[in-house]
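Visitor: Dropping the structure in here first, questions after.
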Amino acid sequence: MAKIIDGKAYAEGLRGRIGKAVAALMSEHGLTPGLAVVLVGEDPASKVYVANKAKQTVEVGMNSWEHKLPADTPEKDLLALVEKLNNDPAVHGILVQLPLPGHIDSTKVLTAISPAKDVDGFHVVNVGKLSTGQDSLVPCTPVGSVMLAKDVLGKLDGLEAVVIGRSNIVGKPVAQLLLAENCTVTIAHSKTKDLPAVVRRADLVIAAVGRPEMVKGDWLKPGATVIDVGINRIERDGKGKLVGDCDYASCEKVAGAITPVPGGVGPMTIACLLYNTVKAACAAKGIPQPEM
Ligand code: GUN
């Protein structure tokens, strides 16, 4: 049976270390990192995420601002708000919650965020820096996924890593991070031929495809580490249930270690957002980044 990777506990520990770093920044430098989150519309899942982000931001001692705009907000008004936040020295991190309503060009909005405040790491400048090995703000879920993998495996040097999914939010950035950790990285996706055979090569599997329970236990190399990024809501036995992209019941019998859903990668995302906000605040003030 696989070791269960407790992302909830790891994220709690990380938030504790962030809280200590924030307190030290305040007492030693008079700096309180601040995160502004922008939500456009009424998407129920997004409202929950944004509320959790705000709550955890305050819990670690940082400033938090929530900007809730109606679903029919014109693109130019959202761009004007982003510009205002770019120019506000108390705001060190800006996150515009995705997905945005259809009439708004998400790329245009993400590109309008100052790269120095882009705590999502979605701006092309940060994407380019990550892929060229420069220090940058890196997307939160990939950072959290690699932290968990390193917690279990120690060094990742030389491991065969297979990333399933090629999104800009997870698949591509996590592949870059694994490459920087000296893994041999394969990015698989919906057009990959014989996906089970590709996955079977992996010492480390990152499943970020958004298909409930797609990866089966007999796709895995025995002892592989499985990081399941999927969060899929399904109906089972007449009840709503959250499941990952991996079929947990069969995978836990073959894997060496596996993240559960919920309680695996999910809690890491907000913790890493707080981490990025501290990083952005220190960079803005020219202060070395504290240990977290
Ligand atoms: N929607 C779902 N996940 C995310 C995320 O990590 N960042 C943003 N901005 N929106 C999201």
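In numbering that gives the first Met the number 0, the protein residues as written are 0 to 291. Every residue, glycine too, gets a C-beta built ideally from N, C-alpha and C. Remember, predicted model here, so these are calculated numbers, not experimental data.
Give, in chain order, every unbroken run of the alpha helix (DSSP H) that is at least 4 residues long and sits entirely within the segment 125-176.
Guide: As far as the segment 125-176 is concerned, its whole alpha helix (DSSP H) runs of at least 4 residues are 139-152.
Visitor: Okay, do the segment 105-123 and the segment 259-277 touch, 3+ Cβ pairs below 8 Å being the bar?
Guide: They touch, by the three-pair rule.
Visitor: Can you tell me where the alpha helix (DSSP H) with L99 in it begins and where it stops?
Guide: Mapped onto the sequence shown, residue 99 falls at position 100. Unbroken run through L99: none, as it is neither H nor E.
Visitor: In three-state terms, what does DSSP make of I17?
Guide: Stepping through the sequence shown from its first residue, residue 17 is reached at position 18. Of the three classes helix, strand and coil, the one that applies to I17 here is helix, per DSSP.
Visitor: Taking 7 Å as the cut-off, is the beta-carbon of V95 closer than that to any non-hydrogen atom of the ligand GUN?
Guide: Here residue 95 corresponds to residue number 96 of the sequence shown, with the count starting at 1. Flag set: Cβ of V95 near the ligand GUN.
Visitor: Please state whether the Cβ-Cβ distance between H28 and I233 is less than 8 Å.
Guide: By 1-based counting over the sequence shown, the position of residue 28 is 29. By 1-based counting over the sequence shown, the position of residue 233 is 234. Not a contact, by the Cβ cut-off of 8 Å.
Visitor: Considering only DSSP beta bridges, list what C245 is partnered with.
Guide: Working through the sequence shown from its first residue, we reach residue 245 at position 246. Bridge partners of C245: V214.
Visitor: Judging by CA-CA distance, which residue of V197, P69, A53, E180 is the nearest neighbour of E41?
Guide: Here residue 41 refers to the residue found at position 42 when the sequence shown is read from its first residue. When only C-alpha atoms are compared, the closest one is P69.
Visitor: For the 8 Å Cβ check, are there 3 or more pairs between the segment 84-97 and the segment 251-266?
Guide: The segment 84-97, when compared against the segment 251-266, does not touch it at the 8 Å Cβ threshold.
Visitor: Just to confirm before moving on: does the CB-CB distance between G229 and V197 stay below 8 Å?
Guide: Your numbering for residue 229 matches position 230 in the sequence shown. Your numbering for residue 197 matches position 198 in the sequence shown. Result no, Cβ atoms of G229 and V197 do not sit closer than 8 Å.
Visitor: Following a CB-centred definition, is T293 positioned closer than 7 Å to any heavy atom of the ligand GUN?
Guide: Absent from the model: residue 293. The displayed extent of the chain is 0 to 291, so no value can be given.
Visitor: State yes or no: is the C-beta of Y48 nearer than 7 Å to some heavy atom of the ligand GUN?
Guide: The residue you call residue 48 lines up with position 49 of the sequence shown. Yes, Cβ of Y48 sits closer than 7 Å to a heavy atom of the ligand GUN.
Visitor: Output needed for E307: all residues of its chain with C-beta closer than 6 Å, excluding positions within five of it in sequence on either side, in chain order.
Guide: Any answer about residue 307 is impossible in this case: the structure gives the chain only from 0 up to 291.
Visitor: Does the distance from the C-beta atom of Q55 to that of R16 stay below 8 Å?
Guide: Numbered from its first residue, the sequence shown carries residue 55 at position 56. Numbered from its first residue, the sequence shown carries residue 16 at position 17. Not in contact: Q55 and R16 (Cβ atoms no closer than 8 Å).
Visitor: Can you tell me whether G33 is buried or exposed, with buried defined as 16 or more other CB within 10 angstroms of its CB?
Guide: Mapped onto the sequence shown, residue 33 falls at position 34. The residue is buried, with at least 16 neighbouring Cβ atoms inside 10 Å.
Visitor: Leaving out the 5 sequence neighbours to the left and right, which residues in its chain are closer than 6 Å to A111 when beta-carbon positions are compared?
Guide: Walking along the sequence shown from the start, residue 111 turns up at place 112. If we look at A111 and ignore the five residues flanking it on each side, its Cβ neighbours are L78, V81.
Visitor: Rounding to the nearest angstrom, what Cα-Cα distance links V208 and A187 in this structure?
Guide: What you label residue 208 is simply residue 209 of the sequence shown in a count that begins at 1. What you label residue 187 is simply residue 188 of the sequence shown in a count that begins at 1. Roughly 9 Å separates the two Cα atoms.
Visitor: Taking V47 and V21 to be in contact with their CB atoms under 8 Å, please state how far apart those CB atoms are, rounded to whole angstroms.
Guide: In the sequence shown, residue 47 corresponds to position 48, counting from 1. In the sequence shown, residue 21 corresponds to position 22, counting from 1. So it is not a contact: roughly 24 Å between Cβ atoms.
Visitor: Give me the Cβ distance between A10 and A270, rounded to the nearest whole Å; I'm assuming they're in contact under 8 Å.
Guide: Translated into the one-based positions of the sequence shown, residue 10 becomes position 11. Translated into the one-based positions of the sequence shown, residue 270 becomes position 271. Between A270 and A10 the Cβ distance is about 4 Å, and since that is below 8 Å, they are a contact.
Visitor: What residue from D246, C245, N231 has the CA that sits closest to G239's CA?
Guide: As a first step, residue 239 is located in the sequence shown; it is residue number 240 there, counting from the start. Among D246, C245, N231, the Cα nearest to that of G239 is on N231.
Visitor: Assuming N125 and S135 make a contact with CB atoms under 8 Å, what is their CB distance in whole Å?
Guide: If you number the sequence shown from 1, residue 125 lands on position 126. If you number the sequence shown from 1, residue 135 lands on position 136. N125 to S135, Cβ: 5 Å. Contact.
Visitor: Distance, Cα to Cα, K220 vs V214?
Guide: Along the sequence shown, one-based indexing puts residue 220 at 221. Along the sequence shown, one-based indexing puts residue 214 at 215. If you take the alpha carbons of K220 and V214, they lie about 12 Å apart.
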